[in-house]
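Under my numbering, the first residue of the sequence shown carries the number 10, and numbering increases by one thereafter.
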Amino acid sequence: MKNIYLYYLSFFMLFPILGQSQVKSKLWYDGNARVMYNRDALEGTLKETDTVSTRSNGGGFTILDLGFHFTPVDDIEIASEIRLKNDFGGMWGNKSVVELRRLSAKGVVNNKIAFSVGDIYLKQTKFTLYNYEQELSEYEPSVFRFYRDFVNYENYYQSNYWRLQGVQTNFSYNMYNFIEQLDFDGFAARVRGQEWMGKPELLMIGGSAVIKSSNNLNLGSHYVNTFEILSSSNSSVTYYNPVLNTQLSYSGTLKDKPYKVLLEGGFSKRGWDGDSLAPEIKGNFMEASIHSKSKKGEINLGFRYVDTDFRSTGAQTRRINYNNSTTTYPYYSNNYTQRKVSLIDMMSDPNIYNQNLSTSLMNYNPMYSSIFPYGNATPNRIGLTADIDNFNLTDYLSAKVQTQYFSEIIGQGTTNKRSFNKSTLHSLLSLDKLLSLKNSFDI
10 MKNIYLYYLS FFMLFPILGQ SQVKSKLWYD GNARVMYNRD ALEGTLKETD
60 TVSTRSNGGG FTILDLGFHF TPVDDIEIAS EIRLKNDFGG MWGNKSVVEL
110 RRLSAKGVVN NKIAFSVGDI YLKQTKFTLY NYEQELSEYE PSVFRFYRDF
160 VNYENYYQSN YWRLQGVQTN FSYNMYNFIE QLDFDGFAAR VRGQEWMGKP
210 ELLMIGGSAV IKSSNNLNLG SHYVNTFEIL SSSNSSVTYY NPVLNTQLSY
260 SGTLKDKPYK VLLEGGFSKR GWDGDSLAPE IKGNFMEASI HSKSKKGEIN
310 LGFRYVDTDF RSTGAQTRRI NYNNSTTTYP YYSNNYTQRK VSLIDMMSDP
360 NIYNQNLSTS LMNYNPMYSS IFPYGNATPN RIGLTADIDN FNLTDYLSAK
410 VQTQYFSEII GQGTTNKRSF NKSTLHSLLS LDKLLSLKNS FDI
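The structure is reproduced here in structure tokens:
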């Protein structure tokens, strides 16, 4: 007992020294561990009619992601992450996987130019390069938040960024006249690698330039071009899709209430070099919005027009790929039929999600996303939006209201145009304020 006491005493005395050496060290670690186990079973009529599939099955895994961070010099950091995974049911190393999950380097050159190389996260505007949330992620109960975090982590979803492999750099200039600051950002990434006797290599380049003036007027231009490399395959046809977006915003106050006006527009081109029969498709878009904030809440009013032929690889790629096979019961019935993606799969199965940008519009389920299957960049839409956020009804009750009225620009398969209406209501009840509780308790 005395030896144990001396051990703990020595540890706590040396702990500040160890912590200080860890801060000053050029190599440090972080990590994440997760253990999951699921059991699924056939229910209903399938339990009687399906004589091929198992009545129930279970599976799980243990995952350990260990990150390494190394700073060879003060302004450069090299980061990597190694995954150790073991599926339940494997013994003596069977079903065990060791893989490199991430490798990147970032730093600052001469305290002016920042750069990132390797696995990088990219995002621009909602019409050029943007990773929209999956269906129903805004309305799911908090009990499913664990699964949503798991799905996003496994597919490298961080906010609305796409993870690509490439190089990125950005820098700023501070000025002392009408123009206060100039911000520049550029990147080059590989979307699809070279394939043997397959499609050409697909690259993406882009950049942004933002001018911030002294009178709260900002002007920004964003450009993205997705194109194939002809020399990387035996094909004589290559794809290209440049998109340009220009934004103009102004911030001010009216009767002591701040507001912001945003105007943006742009165009896209999509075609195939080397194919004389393939036409070049051109599209455009336009959006205007005004945002105001008061003590009672925030209000947003907007108008959006997206042309029928507008195409953007970076903004119209969906997270869920309905062509992927599900993890649980991918095939069922005596006819060995592929099971379609269900609501539970959308919430908990990371294998149905997509990590690569798509050059064509992906399939979607109208049951969950018929209005904006491709976010704000959904083509063939025109309409109005109105949002009231953080609307404080009382000290303990707040609400959020969203209303959207849209219609098609051109009818699909008919001269009639479909209309789309969507209204949502979110409420937040703070029971701790209502009942004077010590701990936070919200519904």
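For each residue, glycine too, the CB sits at the ideal point set by N, CA and C.
From the options, residue whose alpha carbon lies closest to that of residue i
i, options, result
"valine 44", "Arg201, Gly69, Asn332", "Gly69"
"aspartate 74", "Gly99, Gln177, Lys104, Arg111", "Arg111"
"lysine 208", "Tyr232, Gln177, Ser240, His231", "Ser240"
"glutamate 204", "Asn243, Phe159, Met184", "Asn243"
"phenylalanine 388", "Lys135, Lys121, Ile129", "Reading off the sequence, residue 388 comes out as proline, not phenylalanine. Proline 388 has its Cα closest to that of Lys135, out of Lys135, Lys121, Ile129."
"tyrosine 170", "Thr137, Asn401, Tyr338, Phe236", "Thr137"
"tyrosine 248", "Gly274, Leu212, Pro267, Lys269", "Leu212"
"glutamine 364", "Asp192, Gly195, Arg199", "Arg199"
"threonine 337", "Gly67, Glu52, Tyr331", "Gly67"
"tyrosine 185", "Val176, Asn224, Tyr156, Ser168", "Asn224"
"tyrosine 232", "Lys266, Lys278, Glu86, Val246", "Lys278"
"threonine 433", "Ile397, Ser334, Lys132", "Ile397"
"leucine 253", "Tyr182, Asn343, Ile214", "Ile214"
"serine 367", "Leu228, Asn330, Ile308", "Asn330"
"serine 342", "Trp37, Asn41, Thr54, Lys291", "Thr54"
"asparagine 95", "Ala42, Gly127, Lys121, Asn332", "Ala42"
"serine 89", "Ser298, Asp83, His78, Gly99", "His78"
"arginine 327", "Pro267, Asn372, Asp39", "Asn372"
"asparagine 120", "Lys426, Asp83, Asn430, Asn164", "Asp83"
"glutamine 411", "Ile308, Tyr166, Leu191", "Ile308"
"asparagine 360", "Lys426, Phe159, Thr255, Ser125", "Phe159"
"isoleucine 129", "Gln174, Asn448, Ile299", "Gln174"
"tyrosine 38", "Thr80, Ser428, Ala197", "Thr80"
"lysine 409", "Tyr148, Gln256, Thr423", "Tyr148"
"glycine 261", "Pro382, Lys302, Thr255", "Lys302"
Integer Cβ distance of residue i from residue j, believed to fall under 8 Å
i, j, result
"arginine 48", "serine 62", "Not quite, the Cβ-Cβ distance comes to about 14 Å (not below 8 Å), so this is no contact."
"asparagine 179", "alanine 123", "5 Å"
"asparagine 293", "phenylalanine 276", "4 Å"
"serine 222", "phenylalanine 187", "6 Å"
"isoleucine 87", "alanine 114", "5 Å"
"alanine 324", "alanine 386", "4 Å"
"tyrosine 259", "leucine 310", "Wrong, their Cβ atoms sit about 15 Å apart, outside the cutoff."
"lysine 431", "isoleucine 380", "5 Å"
"glycine 283", "valine 246", "4 Å"
"glycine 306", "asparagine 401", "6 Å"
Identity of the residues DSSP links to residue i by a beta bridge
i, result
"glutamate 204", "Answer is none; glutamate 204 lacks a bridge partner."
"phenylalanine 180", "Phe193"
"proline 267", "Thr262"
"glycine 216", "Gly195, Tyr232"
"glutamate 52", "Per DSSP, none; premise fails for glutamate 52."
"phenylalanine 124", "Gly116, Thr178"
"leucine 370", "According to DSSP, which records beta bridges pairwise, leucine 370 is partnered with nothing at all."
"methionine 45", "Phe70"
"isoleucine 329", "Tyr362"
"arginine 279", "Ile290"
"asparagine 243", "None, per the DSSP bridge assignment."
"aspartate 39", "Gly76"
"glycine 171", "A quick correction: the sequence has tryptophan, not glycine, at residue 171. Leu131, per the DSSP bridge assignment."
"isoleucine 274", "The sequence given here places glycine at residue 274; isoleucine does not occur at that position. In the DSSP output, where bridge partners are listed per residue, glycine 274 has Thr255, Met295."
"isoleucine 188", "Ser222"
"threonine 346", "Tyr341"
"phenylalanine 429", "Phe415"
"aspartate 451", "Ser439"
"tyrosine 249", "Phe236, Gly280"
"asparagine 227", "Lys221, Ser258"
Endpoints, the alpha helix (DSSP H) within which residue i is located
i, result
"valine 106", "Counting along the chain, valine 106 falls outside any alpha helix (DSSP H), though it belongs to the beta strand (DSSP E) covering 105-118."
"aspartate 354", "352-357"
"lysine 35", "Per DSSP, lysine 35 belongs to no alpha helix (DSSP H) and is neither H nor E."
"leucine 440", "440-443"
"tyrosine 377", "375-378"
Enclosing beta strand (DSSP E) for residue i [first to last residue]
i, result
"glutamate 456", "No statement about residue 456 is possible, as the shown extent of the chain runs from 10 to 452 and does not include it."
"tyrosine 162", "Run containing tyrosine 162: none in the beta strand (DSSP E); it sits in the alpha helix (DSSP H), 154-163."
"lysine 302", "290-302"
"serine 65", "65-82"
"tyrosine 314", "307-315"
"aspartate 398", "390-401"
"threonine 412", "406-416"
Quick test of the definition: if touching needs 3 or more C-beta pairs under 8 Å, does the segment 402-415 touch the segment 436-443?
yes
Given 8 Å as the limit, is there contact between the segment 346-357 and the segment 137-149, that is, 3 or more CB pairs closer than that?
yes
Three Cβ pairs or more, each shorter than 8 Å: is that satisfied between the segment 409-417 and the segment 374-391?
yes
Whether or not the segment 338-352 and the segment 152-171 are in contact is what I'm after, with contact meaning three or more pairs of Cβ atoms, one per stretch, closer than 8 Å; do they touch?
no
Is it the case that the segment 312-321 contacts the segment 282-289, given that we only count it when at least three CB pairs across the two stretches are under 8 Å?
no
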